[in-house]
Amino acid sequence: MSAEDLEKYETEMELTLYKEYRDIVSQFSYVVETERRFYLANSVDVAARNADGEVYFEVRMSDAWVWDMYRPARFVKNVRVLTFKDVNVEELDKPELRLPEGDQFGS
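Convert by adding 32 to the 1-based position in the sequence shown; the result is the number in my numbering.
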């Protein structure tokens with residue numbers, strides 16, 4: 033595979049991932065970024081750990097989607113990440129469930 037073919041493949045995969053992300057993001061509660069990957073998850077627990085004076089983070093997620101073009105299965109039940117870098121966790125804004133306006137139910 034030439035460098036040009038590889039670049040084209042990566043561009044196509046990024047677009048495919050973006051489209052998948054756009055279609056599923058509303059199903060998740062959190063966006064999680066680590067130095068290596070980007071995740072969507074419904075449950076996130078971040079704990080600072082200390083091993084011999086060196087601090088790292090343990091991130092546990094469940095019901096998650098992994099942004100990684102080289103993974104054939106991006107939906108996972110549980111993920112555990114250990115990192116010495118910062119972890120960013122953001123809660124996604126979920127619009128409240130609203131009933132239609134007007135008397136559409138004949139009452």
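Virtual Cβ for every residue (Gly too), placed ideally from N, Cα, C.
Give every residue of the same chain whose Cβ lies closer than 6 Å to the Cβ of residue i, excluding the five residues on either side of it in the sequence, and list them in chain order.
i   : result
A79 : E90
Terminal residues of the continuous beta strand (DSSP E) containing residue i?
i    : result
L114 : F107 to T115
E122 : N120 to E123
M93  : E86 to W99
E65  : Y62 to E65
R69  : No beta strand (DSSP E) holds R69; DSSP gives it neither H nor E.
Here's the rule I'm using: 16 or more other beta-carbon atoms within 10 Å means buried, otherwise exposed. How should residue i be labelled?
i   : result
T43 : exposed
L72 : buried
Taking the continuous alpha helix (DSSP H) assigned at residue i, which residues delimit it?
i    : result
Y102 : Y102 -> no alpha helix (DSSP H), and no H or E assigned at all.
R54  : A35 to I56
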